[in-house]
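Peer 1: Numbering (full-length UniProt numbering), first residue to last: 1 to 78.
Have a look at this one before I ask anything.
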Amino acid sequence: MSQQNEIACAVMRTLDQYFKDLDGEAPVALHDLVIRSAERPMLEFVLRQTDGNQTVAAQLLGINRNTLRRKLTEYDLL
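This is the structure we're talking about:
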């Protein structure tokens, strides 16, 4: 199984459990919940892997350095 598929499977398992835990309640802002739940730890992980080098982190993420800085600010990671 590819790493991309492993991540997708982990997301699916987590969402399945999330809906079970809701016990019939309607989810609110599911997209935002999933993105925020995944994005912050991903940013923290990549920054650790690059010893805080934002230029290298942005390259690993495939995003512009300014976009990375905006996201880091948004998540209070600066």
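Note that beta-carbon positions come from the ideal geometry of N, C-alpha and C, so glycine has one too.
These figures come from a predicted structure and were not determined experimentally.
Give a yes or no on whether the C-beta atoms belonging to A58 and N64 are separated by under 8 Å.
Peer 2: Contact: yes.
Peer 1: Kindly give me the distance between the Cβ atoms of Y75 and L43, rounded to whole angstroms, as I take these residues to be in contact under 8 Å.
Peer 2: The pair is a contact, with the Cβ atoms about 6 Å apart (cut-off 8 Å).
Peer 1: From Q4 to V11, what distance separates their C-alpha atoms?
Peer 2: Using only the alpha carbons, I get a separation of about 11 Å.
Peer 1: Determine whether the beta carbon atoms of L60 and T67 lie at a separation below 8 Å.
Peer 2: For L60 and T67, no; Cβs fall outside 8 Å.
Peer 1: Rounded to whole angstroms, what is the Cα-Cα separation between L78 and R48?
Peer 2: The straight-line gap from Cα to Cα measures roughly 13 Å.
Peer 1: Where does the unbroken alpha helix (DSSP H) through V11 begin, and where does it stop?
Peer 2: Per DSSP, V11 belongs to the alpha helix (DSSP H) from 3-22.
Peer 1: On a CA-only basis, which of S2, I7, M1 is nearest E39? Give me that one, please.
Peer 2: For E39, the nearest C-alpha among the options comes from I7.
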